[in-house]
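Peer 1:
2 protein chains.
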Amino acid sequence: MDNDIDRKRHCYCVIMCGGVGSRFWPFSRSGRPKQFLDFFGTGRSLLQLTYDRMLPIADPERIILVTNSAYYDIIREQLPDVPVANILLEPARRNTAPCVCWAAHHIHALDPEATIVTLPSDHLILREAEFHDVISRGIDFVEAGDRLLTIGLKPTSPHTGYGYIQRGERIPDVDGEIMKVKSFTEKPDLEMAKVFLETGEFFWNSGMFLWRADAILRAFERYAPETACIFDAGAGSYGTPGEMDFIDAAFPNASSISIDYAIMEKADNVYVETADLGWSDLGTWNALYDCSPKNQDRNVTQNCKVLAHNCEGTLFASGPDKIVVACGLNGYIVADSGNALLIYPLSEEQKVRQVVNEIKARFGEEFV
Amino acid sequence: MDNDIDRKRHCYCVIMCGGVGSRFWPFSRSGRPKQFLDFFGTGRSLLQLTYDRMLPIADPERIILVTNSAYYDIIREQLPDVPVANILLEPARRNTAPCVCWAAHHIHALDPEATIVTLPSDHLILREAEFHDVISRGIDFVEAGDRLLTIGLKPTSPHTGYGYIQRGERIPDVDGEIMKVKSFTEKPDLEMAKVFLETGEFFWNSGMFLWRADAILRAFERYAPETACIFDAGAGSYGTPGEMDFIDAAFPNASSISIDYAIMEKADNVYVETADLGWSDLGTWNALYDCSPKNQDRNVTQNCKVLAHNCEGTLFASGPDKIVVACGLNGYIVADSGNALLIYPLSEEQKVRQVVNEIKARFGEEFV
Chain A
163 MDNDIDRKRH CYCVIMCGGV GSRFWPFSRS GRPKQFLDFF GTGRSLLQLT
213 YDRMLPIADP ERIILVTNSA YYDIIREQLP DVPVANILLE PARRNTAPCV
263 CWAAHHIHAL DPEATIVTLP SDHLILREAE FHDVISRGID FVEAGDRLLT
313 IGLKPTSPHT GYGYIQRGER IPDVDGEIMK VKSFTEKPDL EMAKVFLETG
363 EFFWNSGMFL WRADAILRAF ERYAPETACI FDAGAGSYGT PGEMDFIDAA
413 FPNASSISID YAIMEKADNV YVETADLGWS DLGTWNALYD CSPKNQDRNV
463 TQNCKVLAHN CEGTLFASGP DKIVVACGLN GYIVADSGNA LLIYPLSEEQ
513 KVRQVVNEIK ARFGEEFV
Chain B
163 MDNDIDRKRH CYCVIMCGGV GSRFWPFSRS GRPKQFLDFF GTGRSLLQLT
213 YDRMLPIADP ERIILVTNSA YYDIIREQLP DVPVANILLE PARRNTAPCV
263 CWAAHHIHAL DPEATIVTLP SDHLILREAE FHDVISRGID FVEAGDRLLT
313 IGLKPTSPHT GYGYIQRGER IPDVDGEIMK VKSFTEKPDL EMAKVFLETG
363 EFFWNSGMFL WRADAILRAF ERYAPETACI FDAGAGSYGT PGEMDFIDAA
413 FPNASSISID YAIMEKADNV YVETADLGWS DLGTWNALYD CSPKNQDRNV
463 TQNCKVLAHN CEGTLFASGP DKIVVACGLN GYIVADSGNA LLIYPLSEEQ
513 KVRQVVNEIK ARFGEEFV
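First to last, the protein sequences are chains A and B. If you want this note's numbering, it's the 1-based position in the first sequence plus 162. If you want this note's numbering, it's the 1-based position in the second sequence plus 162.
(1) Sorted by chain position, which residues of the same chain lie with C-beta nearer than 7 Å to T322 of chain A's C-beta, five sequence neighbours on each side aside?
(2) Quick one, which of B:A488, B:E520, B:M426 and B:F202 has its alpha-carbon nearest I287 of chain B's?
(3) With 16 other CB atoms within 10 Å as the buried threshold, where does G314 of chain B fall?
(4) Considering only C-alpha positions, which residue in the set B:I419, B:D498 and B:V514 is nearest to C489 of chain A?
(5) When the Cα atoms are used, what is the spatial distance from N165 of chain B to L272 of chain B?
(6) Select from the segment 487-514 of chain A all residues with a C-beta closer than 7 Å to any C-beta belonging to chain B, and list them in chain order.
(7) Provide the residue(s) that pair with S345 of chain B in DSSP beta bridges, ordered along the chain.
(8) With the cut-off set at 7 Å, would you say L209 of chain B and S283 of chain B are in Cβ contact?
(9) Identify whether W264 of chain A lies in helix, strand or coil by the three-state DSSP scheme.
(10) For the alpha helix (DSSP H) holding Y233 of chain A, just list the boundary residues, first then last.
(11) Pull up the distance between the alpha-carbon of I236 of chain A and that of T204 of chain A, whole angstroms please.
(12) Could you give the uninterrupted runs of the beta strand (DSSP E) lying entirely in the segment 180-245 of chain B, keeping only those of 3 residues or more?
(13) Does DSSP put D284 of chain B in a helix, a strand or coil?
(14) Determine whether the beta carbon atoms of V246 of chain B and P222 of chain B lie at a separation below 7 Å.
(15) Residues of chain B with CB closer than 7 Å to the CB of K467 of chain A, please, in chain order.
(16) Which complete alpha helix (DSSP H) runs does the segment 417-465 of chain A hold, if anything under 4 residues is left out?
(17) Determine the burial state of I167 of chain B: buried for a count of at least 16 other Cβ atoms within 10 Å of its Cβ, exposed for fewer.
(18) Could you pull out every residue in the same chain whose Cβ sits closer than 7 Å to the Cβ of P260 of chain A, ignoring the five residues on either side in sequence?
(19) List the whole-angstrom C-beta distance separating M370 of chain A from T312 of chain A, where the pair is believed to meet the contact cut-off of C-beta under 8 Å.
(20) Counting only beta-carbon atoms, is V304 of chain A nearer than 7 Å to chain B?
(21) Going by alpha carbons, who is nearest to V304 of chain B out of B:H471, B:S499, B:I378 and B:T402?
(22) So, is the C-beta of V517 of chain A closer than 7 Å to a C-beta in chain E?
(23) Let me know if L439 of chain A comes out buried or exposed under the rule of 16 or more other beta-carbons within 10 Å of its beta-carbon.
(24) So, with DSSP's three-state summary, where would you put D498 of chain B?
(25) Give me the chain B residues within the contact set of A483 of chain A, using Cβ-Cβ distance strictly less than 8 Å, ordered along the chain.
(26) Determine the chain B residues that contact S192 of chain A at a beta-carbon separation under 9 Å, and present them in chain order.
(27) Using alpha carbons as the reference points, say which of B:C179, B:Q240 and B:R171 lies closest to A220 of chain B.
(28) Give the single residue among A:A232, A:E239 and A:A291 whose Cα lies nearest to the Cα of W441 of chain A.
(29) Using a threshold of 7 Å, state whether the C-beta atoms of L508 of chain A and I495 of chain A are closer than that.
(30) Please report whether the beta-carbon of F529 of chain B lies at a distance below 7 Å from any beta-carbon of chain A.
(31) Output yes or no for whether 7 Å exceeds the beta carbon distance between N431 of chain A and K484 of chain B.
(32) Pull up the distance between the alpha-carbon of Y506 of chain B and that of A470 of chain A, whole angstroms please.
(33) Closer than 8 Å by beta-carbon distance: list the chain A residues that pair up with S480 of chain B, in chain order.
(34) Our contact map puts L250 of chain A next to S231 of chain A with C-beta atoms below 8 Å; I'd like the distance itself, whole angstroms only.
(35) Tell me the residue span of the beta strand (DSSP E) that contains H471 of chain B.
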């Protein structure tokens, strides 16, 4: 119990919530990307669900949101309990490595003993208790030393859209769920993904990371010295009123690079904790379809009323006060939101991104 | 010119606008049926277009609207220039014969020399100048005597949803467009409709009628004595403050019967004026599709923005501020309005009526 309280005292959480994304258009919009949407009609957005999920582990005062300045208002609205000082507004979009590096400096200045759980804001996790166990175990592991830990998810299909982590040797005196990482592989082709699945050694890269603040800063010094150099220059300003002035000037100079590429694939102290969290990155309409409950015609109803005749394998998404009547659709997305309606084959959803660009060009910003 | 002014003095128009209709759901709703909708995004509803079309012929003071009391507010909103006293509110739904009989009594009380043009409120007429010629010629014809005139439209296809009027002998000294009626046929089968079309003798029954007030009242006495009896009892009250009290008590006692069946199919003084008005009764989504301009993929865009990939023969209807993106739809209705969205094959649109009933039962009144 004392140990728990102590852990909470030093445990910080960084939720990365600055992403844009047009793949869920018309639900996600440029001013309201996926993480801010109440995807499942539960009354809580994906960001709010991520926050709620961390509350048993980290106090609101120790939950840091890194985002784009465009989303300040919506974050204040959705997470009023998070102190304003905990909302770090990136002045430019630079992928995850600069975000992680800034947040680590910020937190390290507040608490040199801090442990940081870094999370995406827009994923689905169905097994919450398991998540808490995994994170608690991971915190214990990284607190004990100079270790970078990533969460690897048990794959359920040979998905070609995810990165894969191959686990390596067991660690003496450590729970079997945490092992050394042997390799990272970005989006394999289908043949390779099938092999990955068969071996049982490969896990999906969840984008969830745990480390001590000092450990990740040390890793930046060693493996991403240019990024480290830019943020080291702010020493003394982090956690002070001068922090944002420094960041506004320095942050745009950082290269756009992912934390996986900058650190995880290079460092020799990288570990993976494997888990089965009922996870989806909800990266596509197909992912949403796959993880949603289906009726006997394999249709999915997302937060609306539906009367479907002769429809199969179709995903209907609208608002709770809307009725959708459809006949004869097979394998479709029907997504109605605000001033836009999308009726598109699920098998061609990769085209939605270019559709959104076409709409922007032909009909204007207000539709995207 | 003098003749024109005189005609306008005695010419009344009755616009029947009490109909309900679920066939255009979700655009038409129980509280807002088809005649009140701005179908073509022109800024004017079908009722307003009907009214506008009659203005060169009848003063607003002589345009009478017969409707259901539920639609009083919307009529006041859409046609503010029509005096309140000209809105006749039926206390019950009784088809067209009681409506016509009441309106004739009402107008006859105001002007015993009145000529009445009776019109549906929810049809499309593209050739407005021709309409004015046809109505003017018809007024001249019925003013001259005890004649019941119906407008017969040149058929463009062997439509099985319309009534057909067979024209008979020419009338000495009368323009060739007006002839005696030989027969009425309700909705023929396709074989018969094809024969009708080939002979050139058959015309679609438009539901537009012209007669003197005294002539139609005389016809009621002869051919529909029960209806006549009910309304004759109100003599003395028509055009007075006591009219509505009488109507509220008497009208519900009238049988529900159409003017065609009650009078036109029986009377021996029935004439047809044939015309080509670019007419559609807009009775179905298919009728709307047929009469609308199409793009190279035979798609119809009704009052909204559309991005269609691999769609053919599909009708898109929504609001002017909405974008619809669709892919792979062939021969569909996509109709989005308020709290409902319909995606249905045009070839199965006759099922929409039962869909609406199902929605009402399962989801409630607010969706129909």
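Cβ coordinates follow ideal geometry from the N, Cα and C atoms, glycine included.
Peer 2: Concretely, from the data shown:
(1) Here the set comprises K349, P350, D351, L352 and A355.
(2) Considering only alpha carbons, the answer is B:F202.
(3) By the C-beta density criterion, G314 of chain B is buried, having at least 16 other C-beta atoms within 10 angstroms.
(4) Closest option to C489 of chain A, Cα to Cα, is B:V514.
(5) The predicted position of N165 of chain B is uncertain, since its pLDDT is 46 and thus under 50; a value taken from the coordinates is nonetheless stated next. Rounded to whole angstroms, N165 of chain B to L272 of chain B spans 21 Å at the Cα level.
(6) So the list reads V487, A488, C489, G490, L491, V496, D498, N501, A502, L503, L504, I505, Y506, P507 and E510, given in the order they occur along the chain.
(7) DSSP, once it has assigned bridges, lists B:Q328 as partnering S345 of chain B.
(8) The answer is yes: Cβ separation under 7 Å.
(9) DSSP places W264 of chain A in helix when its eight states are reduced to three.
(10) Where Y233 of chain A is concerned, there is no enclosing alpha helix (DSSP H), because DSSP gives it neither an H nor an E.
(11) CA-to-CA, the gap between I236 of chain A and T204 of chain A works out to about 18 Å.
(12) DSSP runs (the beta strand (DSSP E)) wholly in the segment 180-245 of chain B: 225-230.
(13) Residue state, collapsed to three classes: coil.
(14) It is not a contact, given that the beta carbons lie outside the stated cut-off.
(15) Ordered by position in chain B, the residues that pass the 7 Å Cβ test against K467 of chain A are F525.
(16) The qualifying runs are 447-453.
(17) Low per-residue confidence applies at I167 of chain B: pLDDT is 47, beneath 50, and the placement is therefore not dependable, though the value from the model is reported in the following sentence. Exposed, because fewer than 16 other Cβ atoms sit within 10 Å of the Cβ of I167 of chain B.
(18) Once the five neighbours on either side are set aside, the close Cβ partners of P260 of chain A are T389, F413 and A416.
(19) The Cβ separation is near 7 Å, so the contact holds.
(20) Against chain B, the CB of V304 of chain A has no partner CB under 7 Å away; the residue lies outside that interface.
(21) Out of B:H471, B:S499, B:I378 and B:T402, B:I378 has the C-alpha closest to the C-alpha of V304 of chain B.
(22) As a matter of chain content, chain E is missing from the structure shown, whose protein chains are A and B.
(23) By the 10 Å Cβ count, L439 of chain A comes out buried.
(24) In the structure shown, D498 of chain B sits in a strand (DSSP, three-state: E or B).
(25) Going by the sequence as given, residue 483 of chain A is Asp instead of Ala. N501, listed in chain order.
(26) Within chain B, no C-beta atom comes less than 9 Å from the C-beta of S192 of chain A; the nearest is roughly 14 Å away.
(27) Cα-wise, what sits closest to A220 of chain B is B:R171.
(28) Nearest Cα to W441 of chain A within the set A:A232, A:E239 and A:A291: A:A291.
(29) In this structure, I495 of chain A lies closer than 7 Å to L508 of chain A by Cβ.
(30) Contacts with chain A at 7 Å (Cβ-Cβ) include F529 of chain B.
(31) When the beta-carbon positions are compared, N431 of chain A and K484 of chain B stay at least 7 Å from each other.
(32) Cα-Cα distance, rounded: 10 Å.
(33) Chain-ordered, the chain A residues with CB closer than 8 Å to the CB of S480 of chain B read L503.
(34) At roughly 10 Å, the Cβ-Cβ gap does not stay under 8 Å, so L250 of chain A and S231 of chain A are not in contact.
(35) For H471 of chain B, the enclosing beta strand (DSSP E) starts and ends at K467 to H471.
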